[in-house]
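The opening residue of the sequence shown carries number 1 in this note's numbering; numbering runs sequentially from there.
Written out below as structure tokens is the structure these notes cover.
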Amino acid sequence: MKNSRTKIIIGAIISAALIISIFVVANYKNNQVGVNSDNGENSTVQNSNNKPADEGSKTPELPKEPEVKPDKNGYIPNQTLPTEPTYIKEILIANKRYPLPSTFAPEEDKTARAALDTMLAAAKQQGFDLVAFSGYRSFEYQTTLYNNYVKRDGVDAADRYSARPGYSEHQTGLAFDIGEKGKEDLWLTEEFGETAAGQWLFTHADEYGFILRFPQNKEHITGYMYESWHYRYVGTEIAKEIKKQDITLEEYLGVN
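Structural data, given as structure tokens:
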């Protein structure tokens, strides 16, 4: 009797041991699958952002090189003159950011001159004897003019009212410095803009396709101090739009 009971107990122990062994082995295999998945081996598991689990190991993009900023006088350091002039919205532009080729020599623009003559004739009918005392300037002439200003006033001061060679709007043949005959002492002065003649010119210039190129309180945009005498031909439609919005050519072209 005792032998039978002993055999039953031993059999139960062996069965329990087998069951435990099977459970341990199965659990071990499941753990290994989880480990392999975590290590990325034979796994298609994705993270919560729906990106492959190993995507974070990609090399990040290098940051872009910063743009060259203008110096304190508004010019791009070490900028070389281009081989072709710049047109934006089909408008020729010449400023401290967009220079002209040294070989660019269009002479005085005929359309601009015709519009100027019509405007001056209209002014004379109103009793204002206006004259364009400076128009087209070659690269060579601007070089001489600018260097003389630098010798007289220094670079920082000259850069506020005179363009460096290749950067002058006068080289386009579309710009004119205008004053009143008999009042030459006011030429190239802000006071000209306060005279009746200067006020008439400012009020009606857009009707003939001209804009005051360097208006008051816009030096941070144009790069030049207020010049009540400097007018640029852009055509009637554009001139009217610029005046209506009370903006500069840079703002109109989107390059300010």
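Positions of the beta carbon are idealized from the N, C-alpha and C atoms, including for glycine.
Per-residue burial, residue i [other beta carbons within 10 Å of its own, 16 or more giving buried]
i, result
"Gly-173", "buried"
"His-170", "buried"
"Asp-206", "buried"
"Thr-44", "The predicted model places Thr-44 with a pLDDT of 36, which falls under 50 and marks its position as unreliable; any figure quoted below should be read in that light. That one is exposed."
"His-230", "buried"
"Lys-151", "exposed"
"Asp-185", "exposed"
"Asp-117", "exposed"
"Glu-41", "The pLDDT assigned to Glu-41 is 40, lower than 50, so where the model puts this residue is not dependable; a value taken from the coordinates is nonetheless given after this. Glu-41 is exposed by the Cβ-count criterion."
"Gln-125", "exposed"
"Ala-175", "buried"
"Arg-213", "buried"
"Pro-99", "buried"
"Lys-69", "exposed"
For residue i, three-class secondary structure by DSSP
i, result
"Tyr-146", "helix"
"Thr-111", "helix"
"Ala-132", "strand"
"Ile-76", "coil"
"Ile-247", "coil"
"Thr-103", "coil"
"Leu-116", "helix"
"Thr-260", "Residue 260 falls outside the range modelled here, since the chain spans only 1 to 256, and no answer is possible."
"Leu-81", "coil"
Nearest candidate by alpha-carbon position, reference residue i, set the options
i, options, result
"Glu-182", "Ser-138, Phe-128, Arg-164", "The amino acid at residue 182 is misidentified as Glu; the sequence shows Gly. Checked all of Ser-138, Phe-128, Arg-164; the closest Cα to Gly-182 is Phe-128."
"Gly-223", "Thr-195, Glu-241, Asp-177, Ala-157", "Ala-157"
"Thr-103", "Thr-236, Thr-83, Glu-237", "Thr-83"
"Tyr-233", "Gln-216, Asp-177, Glu-140", "Asp-177"
"Thr-73", "Lys-96, Glu-241, Glu-191", "Reading the sequence as shown, one finds Asn at residue 73 and not Thr. Among Lys-96, Glu-241, Glu-191, the Cα nearest to that of Asn-73 belongs to Lys-96."
"Ile-211", "Trp-187, Gly-193, Lys-240, Glu-191", "Lys-240"
"Glu-227", "Glu-191, Asn-256, Gln-245, Ala-197", "Glu-191"
"Glu-108", "Thr-236, Thr-80, Gly-135", "Gly-135"
query = Of all the beta strand (DSSP E) runs that stay within the bounds of the region 169–232, which reach a length of 3 or more residues?
reply = Here the runs fully enclosed are 175–180, 210–214.
ask   = Does the region 245–255 come within contact of the region 80–91, defined as at least 3 CB pairs closer than 8 Å?
value = Yes, since at least three Cβ pairs between the region 245–255 and the region 80–91 fall closer than 8 Å, the two stretches touch.
query = Are the region 159–168 and the region 132–143 in contact at 8 Å, needing three or more beta carbon pairs?
reply = Touching, per the Cβ criterion.
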